[in-house]
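Read through the structure below, which is laid out as structure tokens, and then see the notes.
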Amino acid sequence: MKLWYSPASPFVRKCLILAHERDLADKIELMDAAANVVSPDQRIMASNPTGKIPTMVLEDGTVLFDSRVICAYLDSIHDGKKLTPRSGAKRFEIMTLEALGDGIMDAAVNNRYETALRPAEFQWKPWSDGQMGKVNAALDQIEEKWLKSLGRTPNMGSITIAAALGYLEFRYPDLKWRKNRKGLARWFKRFSARPSFIASKPD
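Using the working numbering, the letters of the sequence shown map in sequence onto residues 35 to 237.
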């Protein structure tokens, strides 16, 4: 398996955390990419017309994207406990938590593009504030509603939330997201000590 990736991408990190948790990391060849919305990597475009990372190419040439699809595939090929339950209410609980984590990453990455790539004279602060408003609202809801779902052993939802929080630590060190979110901060401290999280940390 080949994975087009950038180490700074939280969506890539989500896939890598899963791979390390289920002993799949050594089966994945990492392909360094230079993907962004302004000048997409044409090597990725050949397989994925959106030009986004992560994009995975399987041994038979099958192409998988985005991170949810890649993670679902990886979760289907190991022999351990599945990170997304196969059926029942718990399945949809974990899938919704994963979607919430993806939403945090979407908003944070979009704001990163706005503030780091767009020329200052064209930046739109209300739009940027709206993106970070989504991030903070999602973090508040996790603190109030989802701590039990995060659990002490990884699931696909908790892996995604961990990747999202890792990205906030990396790109938004001044956000101070732990303030008034003591439960989430304690959970993240525990998750941050996992070998899978440490191994997938961007430089």
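A virtual CB, placed ideally from N, CA and C, is assigned to each residue, including glycine.
- Under the three-state reduction of DSSP, leucine 37 is assigned to strand.
- The straight-line gap separating the alpha-carbon atoms of alanine 198 and alanine 154 is approximately 26 angstroms.
- In summary, aspartate 109 is buried, with 16 or more beta-carbon neighbours lying within 10 Å of its beta-carbon over all protein chains present.
- Rounded to the nearest whole angstrom, the C-alpha separation of tryptophan 211 and tryptophan 180 is 16 angstroms.
- Of the other Cβ atoms in all chains shown, fewer than 16 fall within 10 Å of the Cβ of tryptophan 158; this residue is therefore exposed.
- When only Cα atoms are considered, alanine 42 and isoleucine 232 end up about 14 angstroms apart.
- Along the length of the region 120-154, whole alpha helix (DSSP H) runs at least 4 residues long occupy 122-146, reported in chain order.
- Here the alpha carbon of lysine 61 sits roughly 14 angstroms from the alpha carbon of aspartate 113.
- If you ignore the 5 residues before and after asparagine 145, its C-beta comes within less than 7 angstroms of the C-beta of Ser162, Gln165 and Met166, all in its own chain and listed in chain order.
- Only buried fits isoleucine 138, as 16 or more other CB atoms lie within 10 angstroms of its CB.
- DSSP lists Trp38 as the beta-bridge partner residues of threonine 89.
- Our two residues, serine 226 and asparagine 170, have alpha carbons roughly 20 angstroms apart in a direct line.
- Within the DSSP bridge table, the entry for glutamate 63 names Lys36 as partners.
- Arginine 215 and threonine 89 have their C-alpha atoms roughly 33 angstroms apart.
- No residue range can be given for arginine 186, since it is assigned to no alpha helix (DSSP H) and is classified by DSSP as neither H nor E.
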